[in-house]
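Novice: Using UniProt numbering, count along the sequence shown one by one with no gaps and you end on 215.
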Amino acid sequence: MSRRESDTVTDTGLPVGGSPLQQRLAAAAVELFYRQGAIATSVRQITEACGLTPGALYNHFESKDELLYTVVRDIHLRLESVLTAAVGAVAGDPVAELSAIVRVYVARHSDHRETARVANREFPLLTGAHYDEVVAIRRRLRDTVVDVLLAGQKKQVFDLVGGDDRTAAVLTALPILDMCVHISEWFHEHRPLSHAELEARYVGLALRMAGARTH
Numbered sequence: 001m002s003r004r005e006s007d008t009v010t011d012t013g014l015p016v017g018g019s020p021l022q023q024r025l026a027a028a029a030v031e032l033f034y035r036q037g038a039i040a041t042s043v044r045q046i047t048e049a050c051g052l053t054p055g056a057l058y059n060h061f062e063s064k065d066e067l068l069y070t071v072v073r074d075i076h077l078r079l080e081s082v083l084t085a086a087v088g089a090v091a092g093d094p095v096a097e098l099s100a101i102v103r104v105y106v107a108r109h110s111d112h113r114e115t116a117r118v119a120n121r122e123f124p125l126l127t128g129a130h131y132d133e134v135v136a137i138r139r140r141l142r143d144t145v146v147d148v149l150l151a152g153q154k155k156q157v158f159d160l161v162g163g164d165d166r167t168a169a170v171l172t173a174l175p176i177l178d179m180c181v182h183i184s185e186w187f188h189e190h191r192p193l194s195h196a197e198l199e200a201r202y203v204g205l206a207l208r209m210a211g212a213r214t215h
C-alpha cells in the first residue's frame with residue numbers, strides 16, 4: 001500500500017468495525033471525489049479502482065450517497081477526535097488551547113489535503129438527516145474555538161474585537177477556521193514553507209486575531 005493510500009484510508013476515520021474492503025472503497029471514493037467531485041464519480045469508477053464489479057459496493061453501502069455520507073461524516077469525526085484530544089492536553093490555558101486548535105487544523109489541511117477538501121467541498125451534497133448530522137459536527141468544531149476564545153476573554157488573555165460576548169467570539173472564530181481550512185486549496189509539498197513553519201505562522205496569526213495579550 002502506498003503512503004498516499006495509507007494516509008487516505010486512515011483519514012477517512014472509518015469505525016473500528018469497518019471491514020478492510022469498506023476501507024478500500026472509502027479510500028477509492030475519497031481519491032475520486034477529490035479529483036472530479038462526487039457528482040461526476042460513478043459507482044463503477046469506485047469499484048473498478050478497487051478491482052471489483054459495481055455490484056460489490058452494495059454489499060457494504062446502500063448507495064453512493066451513503067458512501068459519500070460515511071466518508072464525509074467520518075473525516076469530520078476524526079478531526080473532532082484529534083481536536084478534542086489536543087485541547088484536552090492543555091486544558092485551562094486558552095492561549096495554549098487556541099494554539100493547539102490551529103496546529104491541528106493546519107496539520108489536517110496540509111498533510112491530508114485530499115480528505116480535507118472532500119469533506120469541506122462535498123458535504124453540501126448530503127441531504128436530510130445526513131446533512132444535519134455533519135452540520136452538527138461542524139458546529140461543535142466551531143463552538144470549541146468559540147468557547148476557548150470566550151474563556152481567554154474572561155481570563156483577560158484575549159482582547160476580542162467587538163467586546164466580550166458570544167457574537168464577538170464567533171466573528172473571531174470563523175476567520176480563524178476559514179484561513180486554516182483553505183490551506184488545503186493551495187499548500188503542497190514544494191511550497192517554501194515547511195509544515196512546522198506553516199503551523200507556527202498560523203498560530204501567530206490566530207493569536208493576533210484573538211488579541212492575545214501574552215503573545
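All C-beta atoms in this analysis are idealised placements derived from N, C-alpha and C, irrespective of residue type, glycine included.
Values in this document were obtained by computation on a predicted structure and should not be read as measured data.
(1) Are three or more beta carbon pairs between the region 172-188 and the region 74-82 nearer than 8 angstroms?
(2) Counting along the chain, where does the alpha helix (DSSP H) carrying valine 90 start and finish?
(3) Is the separation between the beta-carbon of proline 94 and that of glycine 152 shorter than 8 angstroms?
(4) So glutamate 48 is in the alpha helix (DSSP H); what residue range does that whole segment cover?
(5) On the DSSP letters alone, give me the boundaries of the alpha helix (DSSP H) that asparagine 59 sits inside.
(6) Check whether the region 64-73 touches the region 125-133, taking contact to mean three or more Cβ pairs, one atom from each stretch, closer than 8 angstroms.
(7) Any heavy atom of the ligand NAD inside 7 angstroms of the beta-carbon of arginine 24?
(8) Is it the case that the region 156-171 contacts the region 107-116, given that we only count it when at least three CB pairs across the two stretches are under 8 angstroms?
(9) Looking only at its own chain, which residues have a Cβ that is under 7 angstroms from the Cβ of alanine 210, when we skip the five neighbours before and after it?
(10) By DSSP, does aspartate 65 sit in helix, in strand, or in coil?
(11) If you drop the 5 nearest sequence neighbours on each side, which residues of the same chain put their C-beta closer than 7 angstroms to that of alanine 212?
(12) Would a C-beta distance cut-off of 8 angstroms place valine 87 and alanine 100 closer than the cut-off?
(13) Apply the 10 Å Cβ neighbour rule to threonine 53 and answer buried if 16 or more other Cβ atoms are within range, or exposed otherwise.
(14) Give the straight-line distance between the Cα atoms of proline 20 and arginine 166, rounded to the nearest whole angstrom.
(15) Rounding to the nearest angstrom, what Cα-Cα distance links leucine 174 and alanine 136 in this structure?
(16) Would you mind reading off the limits of the alpha helix (DSSP H) that contains histidine 109?
Specialist: On the basis of the coordinates in this document:
(1) Short answer: they don't touch.
(2) Note, valine 90: premise wrong, no alpha helix (DSSP H); not H, not E.
(3) Result yes, Cβ atoms of proline 94 and glycine 152 sit closer than 8 angstroms.
(4) First-last of the alpha helix (DSSP H) with glutamate 48: 43-49.
(5) Element bounds for asparagine 59: n/a, residue is neither H nor E.
(6) Yes, since at least three Cβ pairs between the region 64-73 and the region 125-133 fall closer than 8 angstroms, the two stretches touch.
(7) As far as ligands go, the structure on display features none, and thus does not contain the ligand NAD.
(8) They do not touch, by the three-pair rule.
(9) Contacts found: Leu98, Leu149, Gly152, Phe158, Leu160, Thr172.
(10) DSSP, reduced to helix, strand and coil, places aspartate 65 within a helical segment of the structure shown.
(11) Excluding sequence neighbours, alanine 212 sits near Val95, Val157, Phe158.
(12) Their beta carbons are under 8 angstroms apart, which means valine 87 touches alanine 100 by this criterion.
(13) Exposed.
(14) In a straight line, the C-alpha of proline 20 is about 44 angstroms away from that of arginine 166.
(15) Looking at the two C-alpha atoms, the distance is approximately 15 angstroms.
(16) First-last of the alpha helix (DSSP H) with histidine 109: 94-111.
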